[in-house]
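The sequence shown: position 204 = 204 (full-length UniProt numbering), numbered continuously. Glycine residues also receive a C-beta, built at the ideal position from the N, C-alpha and C atoms. First up is the structure itself, then whatever we jot down about it.
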Amino acid sequence: MTCASSDILSLPRDRELTPFESFQNRWITLFLRGKLSLNACLNVLTNTFTSSAFLGFHGLGVFLFHCLLRRLFGRYYFLSYFYIPSFITSFLALMIERKNRRLPLAIYVTNVATETILRMATTRGIVKPVPNAEVYLFSVLMAINMYITKKYGYSEDVVSSIFKFILGDNEARKNAKSQQKENLSRCSGYSLLEKAVSCGMRLREEVETSFLQRMWSTIRHSSCPHEYSCFFYCLQGFLRPFLMGYVALSASRCISLGRKLISDPSLLFSLLSEKRNLSLGLFLGGFGATFRIINCLLRWYFAKDRASYAIPAALLGGLFMKFYPSSTMSLYLMWKTLEKGYLMGMEKGTLPHIKCFTPLLYSASTALLFHVAVLEAHNLKPAYFKFLTRVTDNRLFTVNHHVLDMFGTQSSKLFPDSWPELDHRYTSRIFQECVLLWLIH
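Written out as structure tokens, the structure reads:
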């Protein structure tokens, strides 16, 4: 197969996958947010085609520059085999993607690359695994984030939106921007989710006459930012995140097993009772409840509210990640925290603005992932390995891994039986003899 035909065959699978799979999900999101309109649908369609072209260029460019560099150098080198072609391709591909998507993509890919580097270091014996390291890292990062939130308020990034949606905004400082947005949202009407929440609030008001509600309604410190008693505030801090985590993960599992559930509805009960779903709910609910309990206790003890209370509250609450450990979540939060800190430093003028930093970060991280996928795929995150297999239709891994073993990366570890069909007219006699030796051993 020629280089040109290989480049062309790398396109279709790239373009037909991931963006179009999320097309329907984006429509559902618009519907739930009450923003489904013709312009919104056209915008989603345009963005989907842009993301498709962005992914498609990766498939074309990697193999194109791979062949060009081989012709330029006359042979393969360690970095010129896949790292440099992937770096050039990723840099150019990011120029196709929308500007508001570039930084989130760079953070995500860098997060996966960081986890890959840790796997490589562990395999080489440079780093020894620390039990529950992701739990401790998450606790420290949450302490930093919640302190910033309590002192300065929520920012407009994705992580802050998730925190606000799950944990609420009672403990966050009300800044002018958030207050203005809240007033505008009240004037512009309610979405379907907001209407459901308002129905729940009315139902709660109807049962407020119960003895338990009257009993605990007055136990609230004057410095507490919440409206109801500390007891119900802390109870809500557990129930709301618990239900959100459990329902979200259960729903995603039901969607992923849609065909099997239709053919065998009895799977629904076992799916809803999975330990993993409950573990996510316990993790989120435990964090939310602990964070609120510690804050309320400190307000009662010191008779005032301080931003520093968020540090011990988040440190203790973060330990509930033991129920649902995730190194990906911890590393992603780490990079988002560094991003937030750098942006705050830029606003204050203490840190410089580096031009082209986002494309360079994305290119270096993506190139590392492609490089590792070919030369040492056993160190790649399993989920990302499957993603690359689907996107490239397994073309990324159909190389002669036994030849690449000379670099000392154990390239053939996952592919012991991978022997490509070689044309003897274009292979040297020495190479053919080496192949026979590999077959013997």
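Need the endpoints of the alpha helix (DSSP H) that residue i sits in, please.
| i | result |
| --- | --- |
| M142 | 133 to 152 |
| S86 | 83 to 94 |
| T328 | 327 to 348 |
| T110 | 99 to 123 |
| I354 | Run containing I354: none; DSSP gives neither H nor E here. |
| residue 448 | Here the chain comprises residues numbered 1 to 441, so residue 448 is not present and cannot be evaluated. |
| S315 | According to the sequence shown, residue 315 is Leu rather than Ser. Residues 310 to 317. |
With distances taken between CB atoms, is the gap from residue i to residue j smaller than 9 Å?
| i | j | result |
| --- | --- | --- |
| residue 484 | P129 | In the structure as shown, the chain starts at 1 and stops at 441, and residue 484 therefore has no counterpart that could be examined. |
| W335 | I107 | yes |
| D305 | C234 | no |
| T337 | N145 | yes |
| L369 | L361 | no |
| F54 | R395 | no |
| S160 | T149 | yes |
| L280 | A248 | yes |
| D417 | S411 | no |
| F415 | H401 | yes |
Using 8 Å for Cβ pairs, my map puts residue i next to residue j. What's the rounded Cβ distance?
| i | j | result |
| --- | --- | --- |
| L105 | F57 | That pair is no contact at about 13 Å. |
| Y147 | A172 | With a Cβ gap of about 11 Å, Y147 and A172 do not count as contacting. |
| T110 | V372 | With a Cβ gap of about 14 Å, T110 and V372 do not count as contacting. |
| T409 | E376 | 4 Å |
| V112 | Y426 | The pair is not a contact, with the Cβ atoms about 36 Å apart (cut-off 8 Å). |
| L167 | P241 | 7 Å |
| L69 | P85 | 6 Å |
| E134 | S428 | Actually they are not in contact, since the Cβ atoms of E134 and S428 sit about 48 Å apart, beyond 8 Å. |
Which whole runs of the alpha helix (DSSP H) in the stretch 220 to 302 are 4 residues long or more, in chain order?
Runs found: 230 to 256, 258 to 263, 267 to 272, 275 to 302.
Does the contact criterion of 3 or more C-beta pairs under 8 Å hold for the stretch 124 to 139 versus the stretch 320 to 334?
With a cut-off of 8 Å, the stretch 320 to 334 and the stretch 124 to 139 count as touching, because enough Cβ pairs lie within range.
Any 3 or more C-beta pairs closer than 8 Å across the stretch 337 to 356 and the stretch 307 to 314:
Result no; under three Cβ-Cβ pairs closer than 8 Å.
Can you list, in chain order, the stretches of the beta strand (DSSP E) that have 3 or more residues and sit fully within the stretch 364 to 420?
Segments of the beta strand (DSSP E) lying fully in the stretch 364 to 420: there are none.
Between the stretch 75 to 82 and the stretch 349 to 356, are three or more C-beta pairs nearer than 8 Å?
Taking a contact to require three or more Cβ pairs closer than 8 Å, the stretch 75 to 82 and the stretch 349 to 356 do not qualify as touching.
Using 8 Å as the threshold, is the stretch 230 to 246 in touch with the stretch 288 to 297, meaning 3 or more CB pairs across them?
They touch, by the three-pair rule.
The stretch 112 to 127 in contact with the stretch 279 to 291 per 3-pair CB rule at 8 Å
Between the stretch 112 to 127 and the stretch 279 to 291 there are fewer than three inter-stretch CB-CB distances shorter than 8 Å, so the stretches are not counted as touching.
With a cut-off of 8 Å, do at least 3 Cβ pairs link the stretch 94 to 104 to the stretch 48 to 67?
Yes, they touch.
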